[in-house]
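Residue numbers (the UniProt record's numbering), protein chains in the order written: chain A, 1 to 423; chain B, 1 to 423.
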């Protein structure tokens, strides 16, 4: 354990150094059974994921089942206050991901006259594969007036672009942007909520929550050991996602390389978040045949149209007996495929959400899309431009929130999130 | 399996009649370990809970970990449309709780030209102890103008009162009321969401969603086999809750008895729902000592103040060396205790919620309180009047949504939800 971790009080008394998982983040996780009728294989999903390493955890870590994502705006004006917060957050994140209470006094053992240093709702719960991942938005480097807020304007990466307007965008500013993003993922929602809530508590006076989003079912696999889950359209999603086993491809598509720069981003990745509202009531009245033509896959099997198995390669030239393409030219699977995007891919780890109803008798439901990549200018932006222009799925979805964040490389013991950005 | 169930397509092909749990609903469930440091005991939480029985499932069923609650307003004007919907809903609920697709064609096997009869996002997922529980609100019997909407005005139970205004109530009408409430609980949130979403889909043209609420962590135990979870104040909650093992007490406090009437409610129970916003940012800056004085229990142990163990009886007469009460007169545990409420108790099965942020940099978080009882006039109403008047906890909470519903007795095979109300 690091020096930060050893300060914390174990939530259950059994998470010592021996409990730490390897740096690649391949801890146990739950694998939902496929439609074929296999029994579900529940592996251990209670253990910790190592916080330190060459990359931040929570990117290639096999996608956990629950999300609490929040962005924060910095309300402090001093560079020193931001640095102090990042140090305190890093120490707290190391403790929480190890399944420990924050701080010297913990949730319940402090002196009675002071507030507890941990809010306590995770007492008794295991680490539950908690990962906490940080990213910095464009507004962290320069404010709307172009001012160098914290002396880091010159360090803004060229790849951290302001996202362009995409056709059909219907963005709510209150669900978009943010100076700092924090993604907390866990197999236990209470553990993920506890993480964001305590970071918000620690940040009081320095940052304020801009928006917060819970997600309840992962919509992508990030490891070949995971089965492909279903999104709220009822389709398997993310079959062709980048996965942690694709080590060569991850260097090409996911991790910022030394030649890309800036230095502080090497080993990091760019996150694009999109809150995508699904008009599921309309989708649910669409025929099965049309649903499959729009997606380009079978609903039951997840296989590309014309194929039998989910993982069969898509044949974009195959034609039906009447001469039309089996996988339509405006289908989602085709427009999003690397073959039609100059080879660009994304590592997606989005979540389903249902946030009550919308006042019109419909569920406020959809996909909270999260995608990591080496360079959004070559990956998310052109892919989304093509999808926004031509994807038939656009009749059933609406992008209502958006964010882009530079997520630095991993944290080594003794350093803090973004240290290289400030030194 | 019932005739309804046998129509459905198994989501995994392995949930036959042998898979059905007993009527009391004591299927497997996850038990979180207590703070003492025991390892978590994960029992099987994937199986089905029997839908039919003398009482509706989802009341004394050991509380599942996830909630999707929704209320619906009836938009149809004909009694026959309501009866037809209740029949269709009952059949769908029997199938979904058994882990089956709805309808003859299921999610993915239908003829391509028709919409699937199931939305499909639960394909491949187990039943996950899904329960679906229905209740009818005052407005189902009589509209705001006093009209007998569906010919059932005379059958409105006297106990189904319009809740009075409680001191401090700050209710949002868009999160209150509703003609029909449906509570879906499961250990898998996607399964709970699938249930509400498909009932909404089936109800299109007859009902519209009024509001919907997801909850992510049970805040009460309803069985002695479950450990007591923690709420977002970090405290164990519901230690003294009514539990399914308290069979005699359940007849006195939970289930409507033949002498209570009306006939159609015998074996049923009344549900009060309250969306209780917690101002956790303020709570988190309160000292541990004050937190414990407000609740009346230790934060770590959950034990009543002055005692060592969570399940020790509260001693309301114990005094400290300076002569003040160990458990303060305005503490939550005292004001809510049966001893100070003419013996009245509730079966609580509420859930934590975090619904993003509130636009002021704070999490929109709290407790979605759900309590079942034999007669709200003798139970929830007087208890809440006392709490609203004197509970010190009121400085940190705000009731922002409210509902009351008459939940009929259990469904027998071949009948439908509320059949006795319409015959």
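For every residue, glycine included, the Cβ atom is placed at its ideal position computed from N, Cα and C.
Quantities reported herein were computed from a predicted structural model and do not represent experimental measurements.
Compare the C-beta of residue 280 of chain B with all C-beta atoms of chain C and state if any pair is closer than 9 Å.
In the structure shown, chain C does not exist; the protein chains are A and B.
Assign residue 339 of chain A to buried or exposed, taking buried as 16 or more other Cβ atoms, counted over all protein chains shown, within 10 Å of its Cβ.
exposed
Express the C-alpha separation of residue 195 of chain B and residue 208 of chain B in angstroms, rounding to a whole number.
15 Å
CA-CA distance, residue 9 of chain A and residue 86 of chain B?
52 Å
Helix, strand or coil for residue 77 of chain A per DSSP?
coil
So the candidates are B/202, B/234, B/73 and B/219; which of them puts its Cα closest to the Cα of residue 89 of chain B?
B/202
Residue 337 of chain A versus residue 59 of chain A: straight-line alpha-carbon distance, rounded
21 Å
Quick check on this structure: which residue in A/379, A/300 and A/82 has the alpha carbon closest to the alpha carbon of residue 122 of chain B?
A/300
Spatial distance of residue 107 of chain A from residue 233 of chain B (CA atoms):
11 Å
Could you please give the first and the last residue of the uninterrupted beta strand (DSSP E) stretch that includes residue 353 of chain A?
351 to 357
Measuring CB atoms only, is the region 239 to 246 of chain A touching the region 136 to 143 of chain A, in the sense that at least three cross pairs come out at less than 8 Å?
Contact between the region 239 to 246 of chain A and the region 136 to 143 of chain A is absent: fewer than 3 CB-CB pairs across the two stretches fall below 8 Å.
Using the beta-carbon count (16 or more within 10 Å), is residue 165 of chain A buried or exposed?
exposed
Expressed to the nearest angstrom, what Euclidean distance is found between the alpha-carbon atoms of residue 355 of chain B and residue 365 of chain A?
13 Å
Considering only their Cβ atoms, is the gap separating residue 287 of chain A from residue 114 of chain B smaller than 9 Å?
Taking 9 Å as the cut-off, the beta carbon of residue 114 of chain B is found closer than this to the beta carbon of residue 287 of chain A.
When you compare the CB of residue 253 of chain B with every CB in chain A, is at least one pair closer than 9 Å?
no
Give the interface partners of residue 352 of chain A over in chain B, defined as CB-CB distance under 8 Å, in chain order.
Within chain B, the residues near residue 352 of chain A are 121, 190 and 193.
Just reading off the beta strand (DSSP E) that residue 215 of chain A is part of, what are its end residues?
207 to 215
With respect to the alpha helix (DSSP H) encompassing residue 324 of chain B, which residues constitute its N-terminal and C-terminal limits?
Neither: residue 324 of chain B is in no alpha helix (DSSP H) and is coded neither H nor E.
Residue 363 of chain B to residue 263 of chain B span [Cα, whole Å]:
44 Å
What are the partner residues of residue 133 of chain A, as DSSP defines its beta bridges?
Beta-bridge pairing links residue 133 of chain A to A/183.
Under the rule that 16 or more other beta-carbon atoms within 10 Å means buried, what is residue 249 of chain B, buried or exposed?
Exposed: under 16 other Cβ atoms inside 10 Å.
Contact set between residue 487 of chain A and chain B, taken where Cβ atoms lie within less than 8 Å:
The question about residue 487 of chain A has no answer, for chain A in this structure spans 1 to 423.
For residue 386 of chain B, decide whether its Cβ has a neighbour in chain A, counting only Cβ atoms nearer than 9 Å.
no
What residues in the region 79 to 92 of chain A bring their beta carbon closer than 8 Å to a beta carbon of chain B?
none
Looking at residue 314 of chain B and residue 334 of chain B, is the spacing between their C-beta atoms short of 9 Å?
yes
For residue 236 of chain A, which residues does DSSP report across the bridge?
A/230
Hey, out of A/54, A/374 and A/72, whose CA is closest to residue 271 of chain A's CA?
Comparing alpha carbon positions, the residue from A/54, A/374 and A/72 closest to residue 271 of chain A is A/374.
Using 9 Å as the threshold, is the C-beta distance between residue 328 of chain A and residue 291 of chain A below it?
no
Chain B residues whose Cβ lies nearer than 9 Å to that of residue 140 of chain A
Residues of chain B whose Cβ lies closer than 9 Å to the Cβ of residue 140 of chain A do not exist, since the nearest Cβ in that chain is about 17 Å away.
Host beta strand (DSSP E) of residue 370 of chain A (start-end):
363 to 373
DSSP-derived helix/strand/coil call for residue 289 of chain A
helix
Whose CA, out of A/269, A/70 and A/109, lies closest to the CA of residue 198 of chain A?
A/70
Leaving out the 5 sequence neighbours to the left and right, which residues in its chain are closer than 8 Å to residue 235 of chain A when beta-carbon positions are compared?
291, 295, 297, 299 and 302
Determine the DSSP secondary structure at residue 381 of chain B, reduced to helix, strand or coil.
helix
Please report the straight-line C-alpha distance between residue 377 of chain B and residue 273 of chain B, rounded to a whole angstrom.
15 Å
Do we get a CB-CB distance below 9 Å when we pair residue 231 of chain B with the residues of chain A?
yes
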